[in-house]
Structure formats: structure tokens, C-alpha cells
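Worksheet: the structure to be examined is printed underneath.
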Amino acid sequence: MTFTEKDVRYVADLANLRLSDTEIQKLAQELGAVVTYMEKLNQLDTSGVEPMAQVLYASEDETGSLRPDVERPSIPNKEALRNAAVSGAGYFKIPRVIER
Amino acid sequence: MNVAALTIADVQSGLRNKTFSAVELATEALRFAEAENPKTNAYLTIANERALVAAAKVDAKLAAGDDPGPLAGVPVAVKDVIVTKNLRTTCASRLLENYIPPYDATAIERLEAAGGVILGKANCDEFAMGGSNENSAFGPVRNPVALDRVPGGSSGGSAAVVAQGTAVVSLGSDTGGSIRQPASFCGVVGVTPTYGRVSRYGLVAFASSLDHIGPFGKNVADCATVLKAIAGHDPMDSTSAHAPVADYAATLNAPVKGMKIGLPAEYFKDLSSETGDLIMKAVDVYKKLGCEIVDVSLPHTEYALATYYIICTAEASSNLARYDGVRYTARNTDANSLTSMYRDTRGDFFGAECKRRIMLGTYVLSHGYYDAYYLKAQKVRNLITQDFAQAFETVDALIAPVSPFPAFKLGEKMADPLAMYLADIYSIAGDLAGVPCMSVPCGKTASEGLPVGAQLLCNHFEEAKMFQLAQAYETESAAS
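Protein sequences, first through last, are from chains A and B. The working numbering numbers the first residue of the first sequence as 96 and each following residue consecutively. The working numbering numbers the first residue of the second sequence as -18 and each following residue consecutively.
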């Protein structure tokens, strides 16, 4: 698998990640090498194999672990906003989205 | 008081015999950590106030005749990907350089409830991504055993503080070997428990189907004590296991005679000869202890690395999407639109390895490639897990190397990401299957005096048996 700089720019766009031209050149090389290595999996026939999304334990009823849906106190507004990049009037502030 | 040499048992007897108080111990441990840290850069933050408050609580309990807990007064370091209320938690990233968490992780609450004294936050690879600790935004950690070498990663700081003696025990996290590999490189014990054994509430997420919290210690007993204190179901983490936590200490010194240990052929193929020799010497010790050594096969081992890097990058790209410039302190303030705020913030603040993994993960999840990579990897993960299930039908444990080679030099592998990933080859399958595994020091290379770790793996929730085997080896090798 080879990655062109155009491919890297497309994926960076999906990932909402700004990259410099130098980073793009380097990533094209690196991603190509790693993805080629990943293609090793194509050697295996996996027809009929269930995909495994999570570790499941054979002996336990580990699925019944939802907690009761009861009201609990949450982090107060001021605490929740303490790590905001920018906040105001009890909200997270972001650049204007809708022009009027 | 030689604070660097203390074990948990030493701390308990010191407090009991009034050789020192918890506050005296914490004061000395903080002084020593502060003085020694410039050699290794293993701590990112030292928590003087928090440590002294915790120690004073232990002394008050002792004075009142109350049980101060199994970790009473024990100086602990915590990897900086585990959140601590009102104590800066950076994930070794510029992005979280000023992040002050509003809550404690469950593992932290339990550590402190057991009397543990948190001295500070340990350096690591950025967002736990790496195998050498060179991806920290705040500089690499140096291996205390050989200062020109890496301590391993990603929990490099957590391993280094225990080896250096600037903490008695520590917590790390393991997604693909990030506890066992640095433990082996620094010559300490490191434990990755069963997936779900320790709550991840408050562990900053990297790859959620693979992330574990686990302990480091100078010896097996210390790790067993810490794990016992932090393990068990947590309503705040629905992936934490309900299975009861065994009393690891009760069976620690039980004989291992008659146990069956499997040697997986696939793990002995591409070893440096000195590493291989040391692992085989450990195998000989088990033979001497009366264990039966049998050859086993984990036929899908060679596919584990590719499987791991597809799954972990896919999950990482999702988990790191939350760092968008809104909630977590850092933002590119020149951005004048929502999209440029996202892109420029992430471009400015993520380090090279995080960007690489976000890109790989986004690619393998993208339209047209999901089935070919991500779904395929999930299927192969199932095959790898079945390999372990089959092996554990006939053996009690597996023994293997942790890493194909001992600690490498700083800078040696930074230019080639794939070479760095390949160093994880023997540590990732355990994470994919979710089985408990640990690294036990098994000697040093004759040529350079570098520590090597032997890896023990057991079936889900068989930590007690794993500790028992590790303890038997530790006792026997100390005696001979």
C-alpha cells in the first residue's frame, strides 16, 4: 500500500487535524510502511469468525452490569467549566457558527 | 532510613514499630524524589501537599488505634494518564499541560482509602502511546539502571521510580505492553491484570477495549498487595468485572509443584540470544520447583501485532476526538471558525506519535476500508483469544519473554515507527485476549548488565495463581 500526499491530506481532513507540508511528506512514507505491514492479516481466512469487539469472560454474567437509573449529583457547572479553553456566562465558548 | 530500598512490608513494620511516622516517611520520600528526579525525569509533578495530608491521616488512624489500611503510609507514584482531583494530569501532552481534573479515578480513591500516599505523577509517552517514553512532551525518562537507555514505555516513569527507589510502588497503564515492557527494561515487577479487573474510571482513554491499570513494585508481594487494594467492580465503569477479588496474599507462598507451564514456541523465534538464555534459565527454576514444562502453540501469534495496531489506532482516533479545543484547556486562539479551531488546536498541541496514530486509526475506520482493516482485525483478535483459551485447557500458565531485547539506547528507534512497534511483539497478545500477565525480573545480560523480564500469563481472573508462580520463582532465585 502506498500513500500519496493527497491520501494523507484526505485522512487528515477526516480527522480534523492540521498538518504541515513536512508532516504530510513524512506521514505518507510512514503510513505506507505500517499499513503494508497490517495487510499481513489478509493471509488469514476469517470467514465464519465472529468479530471480537470486547473481552468477554466465558464463566461470568458480565453483561448484567448496568447500574440502576437513579439521579445522582453531577459535577457543578463551575467545576465542569474550570478546564474550558474559553468560557462565559456558564457555558463553553466557541467561535461564532451562525452568521446573521 | 534508606527510603529507596523500602518495600510495603518494610513500611508496615516501620510504622508498627514506630521507627518512623507516616509523615516522617512521606517527608523523606518527597525530599529523596525531588533530589533524585533530575537524573531520570521520571516524575512530571511532585505532590507535596497531597502526600503530607494523606500521611497525616494515616498517623491519625494509627494514633486512634484504627486500621490504617494495607497500603498505610506507602509512597506511591501514579502514571500521569490517571486523573487526580485538583492535581495536574497532563498525559505527558502539551495539550493537557494545564489540565486540573475535577475528580479522582476509582483506582486513586481506592489507593488512598487503603492508606497509600501519592507522591506525584509519573512521566509516560504522550497519551500512553509509545514503547520508550521518548514521546513525552516533557522530555524522555532515562532508565535508572543505565542512564543512556530508555526505561521502556509507555509507563516508563512508573517503572523508573520503583527502580530508582523514588516511590515504593506505582500505578501504570497497559494497552499493548506498557506495564510489562518498562518493568522488564528497569528490572522491577509489573502486572497487567485481567481486562476489567481494575476500574478504568478516571483512566484517560487511549484504546478502550485494551486499556488496563496495573501496579509496579520491587517484588511480587508488593504488586499483589496493590492490586488487591484497587481491584473489583466499580459502578462507574460498566466494563469492570464483577468476579470476586481473591486474597492474593493467602496463596502467595503455596507450593507450585505439579503445575503445568506452557512454552509457546512462537515466542522464542526472534529473541536476542541473551534474553532467550535468561528466560530458559527461569524455565529451569520452575523445573526444579517441580513444575511440568510442556510445549504449546499459539498459532496466530504472528498476526497479533498487525491486529493490535489496527484496533488500538482505530480506538485512539475516536478517543482523542474529544480534544477539540473546547473542554480541555488548550486552544489555538487565532482560529476564527469552528473547523479551524478543531484543526489548528489539534495540529498545534498533539505530538508526532499521537498524530500518526490518529491518522492510522482514521484511515482504518474510513469509508471503504472499515471491513478490510478494522473488522478483519476484530476477527483475528477472536482467533488470537481462542489460541489462549485452548492453551489454558492444558496448562496453568504460559512463560515467555516480555520483549525481544533489553532496554535500547535513547534515540535508537525514534526514526522508524514500525521498528518501534515491532518491539511490542511479545506483549500485545495478552492485551488482545484480556488475560492477566506480568513481568518478573529474571536476571541481567552478561554483556551489558541490562535487566530482562520473564512474562507469565494465566487465564482470565487467575491472578492468584500467576502471583503464586511469580513468587515461587522470586523466592527460589533469591535463594540460589
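C-beta: ideal position from N, C-alpha, C; glycine also. Since this is a predicted model, take the numbers as computed values, not measurements.
Reference residue i, options the options, closest by Cα
i: Lys250 of chain B; options: B:Ile406, B:Tyr454, B:Ala148; result: B:Ile406
i: Ile380 of chain B; options: B:Asn116, B:Ala37, B:Pro417, B:Val169; result: B:Pro417
i: Val62 of chain B; options: B:Gly46, B:Ala10, B:Ala188; result: B:Ala188
i: Leu286 of chain B; options: B:Glu115, B:Ala224, B:Met401, B:Arg91; result: B:Met401
i: Gly50 of chain B; options: B:Gly430, B:Leu(-4), B:Ser117, B:Glu255; result: B:Leu(-4)
i: Asn29 of chain B; options: B:Ile81, B:Phe1, B:Thr70, B:Gly101; result: B:Gly101
i: Tyr350 of chain B; options: A:Met133, A:Lys121, A:Asn172; result: A:Met133
i: Phe442 of chain B; options: B:Ser221, B:Pro19, B:Leu52; result: B:Ser221
i: Lys135 of chain A; options: B:Ala14, B:Thr310, B:Ala353; result: B:Ala353
i: Met419 of chain B; options: B:Lys394, B:Lys238, B:Thr426, B:Met447; result: B:Met447
i: Thr426 of chain B; options: B:Ile291, B:Cys167, B:Phe197, B:Leu403; result: B:Cys167
i: Val(-16) of chain B; options: B:Asn(-2), B:Lys(-1), B:Leu11; result: B:Leu11
i: Lys(-1) of chain B; options: B:Met(-18), B:Ala460, B:Asp412; result: B:Met(-18)
Residue i - containing alpha helix (DSSP H), residue span
i: Val143 of chain B; result: 137 to 145
i: Met419 of chain B; result: Not the alpha helix (DSSP H): Met419 of chain B falls in the beta strand (DSSP E), residues 418 to 425.
i: Gly328 of chain B; result: 319 to 330
i: Glu118 of chain A; result: 116 to 133
i: Ile380 of chain B; result: Premise fails: Ile380 of chain B lies in the beta strand (DSSP E), 378 to 382, not in any alpha helix (DSSP H).
i: Ser254 of chain B; result: 254 to 269
i: Asp108 of chain A; result: 100 to 109
i: Ala346 of chain B; result: The amino acid occupying residue 346 of chain B in the given sequence is Leu; Ala does not appear at that position. Looking at the DSSP string, the run of the alpha helix (DSSP H) that includes Leu346 of chain B is 333 to 346.
i: Val39 of chain B; result: 29 to 45
i: Lys357 of chain B; result: 357 to 375
Between the CA atoms of residue j and residue i - distance to the nearest angstrom
i: Met96 of chain A; j: Arg75 of chain B; result: 32 Å
i: Ser458 of chain B; j: Ser428 of chain B; result: 20 Å
i: Ser154 of chain A; j: Gly134 of chain B; result: The pLDDT assigned to Ser154 of chain A is 47, lower than 50, so where the model puts this residue is not dependable, and the model offers no usable value.
i: Ala23 of chain B; j: His348 of chain B; result: 41 Å
i: Ile409 of chain B; j: Glu296 of chain B; result: 15 Å
i: Val59 of chain B; j: Ser159 of chain B; result: 14 Å
i: Lys476 of chain B; j: Lys262 of chain B; result: Only positions -18 to 461 of chain B appear in this structure, which leaves residue 476 of chain B out of reach.
i: Tyr84 of chain B; j: Ser169 of chain A; result: 11 Å
i: Ala164 of chain B; j: Arg123 of chain B; result: 13 Å
i: Ser182 of chain A; j: Arg312 of chain B; result: 12 Å
i: Gly97 of chain B; j: Ala7 of chain B; result: 10 Å
i: Leu462 of chain B; j: His193 of chain B; result: The shown model of chain B, from -18 to 461, leaves out residue 462 of chain B, and the question about it has no answer.
i: Leu184 of chain B; j: Cys72 of chain B; result: 10 Å
i: Gln124 of chain A; j: Lys390 of chain B; result: 24 Å
i: Gln138 of chain A; j: Glu283 of chain B; result: 11 Å
i: Glu100 of chain A; j: Leu126 of chain A; result: 11 Å
i: Ala184 of chain A; j: Tyr309 of chain B; result: 18 Å
i: Leu33 of chain B; j: Val4 of chain B; result: 6 Å
i: Leu77 of chain B; j: Pro196 of chain B; result: 24 Å
i: Val264 of chain B; j: Ala302 of chain B; result: 45 Å
i: Ala88 of chain B; j: Glu194 of chain A; result: 46 Å
i: Pro387 of chain B; j: Ala141 of chain B; result: 15 Å
i: Leu92 of chain B; j: Val207 of chain B; result: 8 Å
Check whether residue i and residue j have beta carbons under 9 Å apart
i: Leu462 of chain B; j: Asp215 of chain B; result: Past the boundaries of the shown model lies residue 462 of chain B; chain B is included only from -18 to 461, so the question cannot be answered.
i: Ala144 of chain B; j: Val172 of chain B; result: no
i: Ser278 of chain B; j: Ala372 of chain B; result: yes
i: Arg181 of chain B; j: Asp155 of chain B; result: no
i: Leu57 of chain B; j: Leu152 of chain B; result: Just to set this straight, residue 57 of chain B is Val in the shown sequence, not Leu. In contact: Val57 of chain B and Leu152 of chain B (Cβ atoms closer than 9 Å).
i: Ala118 of chain B; j: Gly332 of chain B; result: yes
i: Val129 of chain A; j: Pro398 of chain B; result: yes
i: Asp228 of chain B; j: Ala445 of chain B; result: yes
i: Gln452 of chain B; j: Ala205 of chain B; result: yes
i: Leu52 of chain B; j: Ile242 of chain B; result: no
i: Cys423 of chain B; j: Gly430 of chain B; result: no
i: Ala95 of chain B; j: Ala(-10) of chain B; result: no
i: Lys360 of chain B; j: Thr131 of chain A; result: no
i: Val131 of chain B; j: Arg178 of chain B; result: no
i: Ser298 of chain B; j: Arg338 of chain B; result: yes
i: Gly415 of chain B; j: Thr366 of chain B; result: yes
i: Met322 of chain B; j: Ile189 of chain A; result: yes
i: Leu413 of chain B; j: Leu191 of chain B; result: yes
Where the beta strand (DSSP E) containing residue i begins and where it ends
i: Val201 of chain B; result: First-last for Val201 of chain B: 201 to 211, but that is the alpha helix (DSSP H), not the beta strand (DSSP E).
i: Lys241 of chain B; result: 241 to 245
i: Asp276 of chain B; result: 273 to 277
i: Ala58 of chain B; result: 56 to 60
i: Met170 of chain A; result: According to the sequence as given, residue 170 of chain A is Ile; it is not Met. From DSSP, Ile170 of chain A is part of no beta strand (DSSP E); its letter is neither H nor E.
Beta-bridge pairing of residue i - partner residues as DSSP gives them
i: Thr193 of chain B; result: In the sequence as presented, Thr is not what sits at residue 193 of chain B; that position holds His. Paired residues: B:Asp155.
i: Val172 of chain B; result: B:Met419
i: Tyr186 of chain A; result: A:Gly183
i: Lys20 of chain B; result: DSSP lists no partner for Lys20 of chain B.
i: Asp218 of chain B; result: B:Asp215
i: Gln436 of chain B; result: B:Ala381, B:Ser420
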